[in-house]
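Quick note on numbering: full-length UniProt numbering labels position 87 of the sequence shown as 87, and the sequence is numbered without any gaps. Each residue gets a CB set at the ideal place from its N, CA and C atoms; glycine is no exception. These notes concern the structure reproduced below.
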Amino acid sequence: MVACVVKSDPLDKDAEPFVEVDPTGRYGRYTDLLGSGATKKVYRAFDQEEGIEVAWNQIKLRGFADNEVMLDRLFAEVRLLRSLKNDNIISFYNWWTDEKDNTLNFITEVCTSGSLRDYRKKHRHVSIKALKKWSRQILRGLEYLHTHEPCIIHRDLNCSNVFMNGNSGQVKIGDLGLAATVGKSHAAHSILGTPEFMAPELYDEDYTELIDIYAFGLCLLEMVTMEIPYMECDSIAKIYKKVTSGVKPLAMNKVKDPQVKSFIEKCIAKQSDRPSASQLLQDPFFDGLDDDQ
Ligand SMILES: Nc1ncnc2c1ncn2[C@@H]1O[C@H](COP(=O)(O)OP(=O)(O)O)[C@@H](O)[C@H]1O
Ligand SMILES: [Mg+2]
Numbered sequence: 001m002v003a004c005v006v007k008s009d010p011l012d013k014d015a016e017p018f019v020e021v022d023p024t025g026r027y028g029r030y031t032d033l034l035g036s037g038a039t040k041k042v043y044r045a046f047d048q049e050e051g052i053e054v055a056w057n058q059i060k061l062r063g064f065a066d067n068e069v070m071l072d073r074l075f076a077e078v079r080l081l082r083s084l085k086n087d088n089i090i091s092f093y094n095w096w097t098d099e100k101d102n103t104l105n106f107i108t109e110v111c112t113s114g115s116l117r118d119y120r121k122k123h124r125h126v127s128i129k130a131l132k133k134w135s136r137q138i139l140r141g142l143e144y145l146h147t148h149e150p151c152i153i154h155r156d157l158n159c160s161n162v163f164m165n166g167n168s169g170q171v172k173i174g175d176l177g178l179a180a181t182v183g184k185s186h187a188a189h190s191i192l193g194t195p196e197f198m199a200p201e202l203y204d205e206d207y208t209e210l211i212d213i214y215a216f217g218l219c220l221l222e223m224v225t226m227e228i229p230y231m232e233c234d235s236i237a238k239i240y241k242k243v244t245s246g247v248k249p250l251a252m253n254k255v256k257d258p259q260v261k262s263f264i265e266k267c268i269a270k271q272s273d274r275p276s277a278s279q280l281l282q283d284p285f286f287d288g289l290d291d292d293q
């Protein structure tokens, strides 16, 4: 195991100091935040053993001390992520709890350009071909999760939970904090997710992995229009009303390319008409794209 190099060397004034090192001394955390969400703070960090930059995910457990269900869910992300291996799913490296700070920490692969949402906002002129390549990679990640034994439903797919390596165009699904594994029936029953991206059947508490396909369709819509679907609604109740009565997001009117529009429509169709990730990957929508994997 590597020596812990947390002490700063005065000759080394250009080197970034670690603010924290993991119990084995292998991973060191820098101050800069890659991003944060409802549960995690994610920092830039370094794996001294491999010499690569990594992401240090930190969850404060204090707020959840008395909530067993929530604690179990937080640890579930770690349990699940460590068992997965796919080019389009964030790789998991290590985890530990810090008793002193009462945090759950885990190290994952880092994506250099942050979330797809931020990346798309930063780069406003992107070809349809590039959007198709990003979409195909998200679908490959979903195909892996959905054909996994047992089947995994992500349940919180949106552009802030998809990460981007801008130098290679590689896209990875992350934030499996709400993911569920489901048995043979593929049915799950609790209502959760990000309201704008939640399929209508989710509200009936009887749904399958196809809710991820619906959310993927709205991710593609967001990629195309650079706006979060159902932005016209100012409350969750209004979103719920529109989604459950089959009213499509207004952003659909901004999609000018008929092929893109009909592909999104396929993804957000009612559950019984919605294709699987594997079926969508065979769609002529992706014809003629070179293979980038
Ligand atoms: N591996 C990563 N590489 C780059 N950025 C990341 C990575 N993981 C998380 N982030 C950034 O941190 C944010 C929050 O991470 P996320 O896993 O979605 O946490 P939460 O469960 O709190 O939503 C993301 O939206 C993204 O901007
Ligand atoms: Mg998130």
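Taking C-beta atoms under 8 Å as the contact rule, residue 26 and residue 19 fail to qualify, at a distance of about 16 Å. Here the residues close to ligand 1, judged by CB distance below 7 Å to any of its heavy atoms, are 34, 35, 36, 37, 38, 39, 40, 42, 55, 57, 90, 108, 109, 110, 111, 114, 115, 118, 160, 161, 163, 174, 175 and 177 in chain order. Assigned with DSSP and collapsed to three states, residue 166 falls in coil, not helix or strand.
DSSP links residue 115 through a beta bridge to 163.
In the structure shown, residue 207 adopts extended strand secondary structure according to DSSP, grouped into three states. Here residue 39 is buried. Its C-beta has 16 or more other C-beta atoms within 10 Å. If you draw a straight line from the Cα of residue 94 to the Cα of residue 15, it is about 25 Å long. For the pair residue 110 and residue 21, the CB atoms are not nearer than the 8 Å cut-off. Here residue 263 carries a helix assignment [DSSP, helix/strand/coil]. When only Cα atoms are considered, residue 133 and residue 112 end up about 18 Å apart. For residue 58, the enclosing beta strand (DSSP E) starts and ends at 52-60. By DSSP's assignment, residue 241 forms no beta bridge with any residue. When secondary structure is reduced to three states using DSSP, residue 44 falls in the strand class.
Closest in C-alpha terms to residue 37, from the list 17, 177, 102 and 127, comes 177. Selection 105, 34, 101 and 159 evaluated against residue 76 yields 105 as nearest (Cα-Cα). Nearest to residue 188 by alpha-carbon distance, out of 158, 171 and 150, is 150. When only Cα atoms are considered, residue 266 and residue 57 end up about 35 Å apart.
The beta carbon of residue 142 sits closer than 6 Å to the beta carbons of 212 and 277 from its chain, once the five residues preceding and following it are set aside; these are given in chain order. Per DSSP, residue 68 lies in no beta strand (DSSP E) segment; the continuous alpha helix (DSSP H) that holds it begins and ends at 68-81. With 16 or more neighbouring CB atoms inside 10 Å of its own CB, residue 224 falls in the buried class. Secondary structure remark: continuous beta strand (DSSP E) runs of at least 3 residues inside the stretch 100-147, in chain order: 103-109. DSSP, reduced to helix, strand and coil, places residue 33 within a strand of the structure shown. If you look at residue 277, you'll find it in the alpha helix (DSSP H) that goes 277-281. Closest in C-alpha terms to residue 285, from the list 72, 129, 43 and 253, comes 129. Under a 10 Å Cβ-count criterion, residue 253 is classified as exposed, with fewer than 16 other Cβ atoms of the shown protein chains found around its own Cβ.
The C-beta distance from residue 92 to residue 157 rounds to 18 Å, too long to meet the 8 Å contact threshold. Here residue 251 is buried. Its C-beta has 16 or more other C-beta atoms within 10 Å.
Under the three-state reduction of DSSP, residue 194 is assigned to coil, being neither helix nor strand.
Remark: C-beta atoms of residue 90 and residue 193 do not approach each other more closely than 8 Å. Non-local beta-carbon contacts of residue 234 in its own chain, meaning distances under 8 Å to residues more than five positions away in sequence, are absent.
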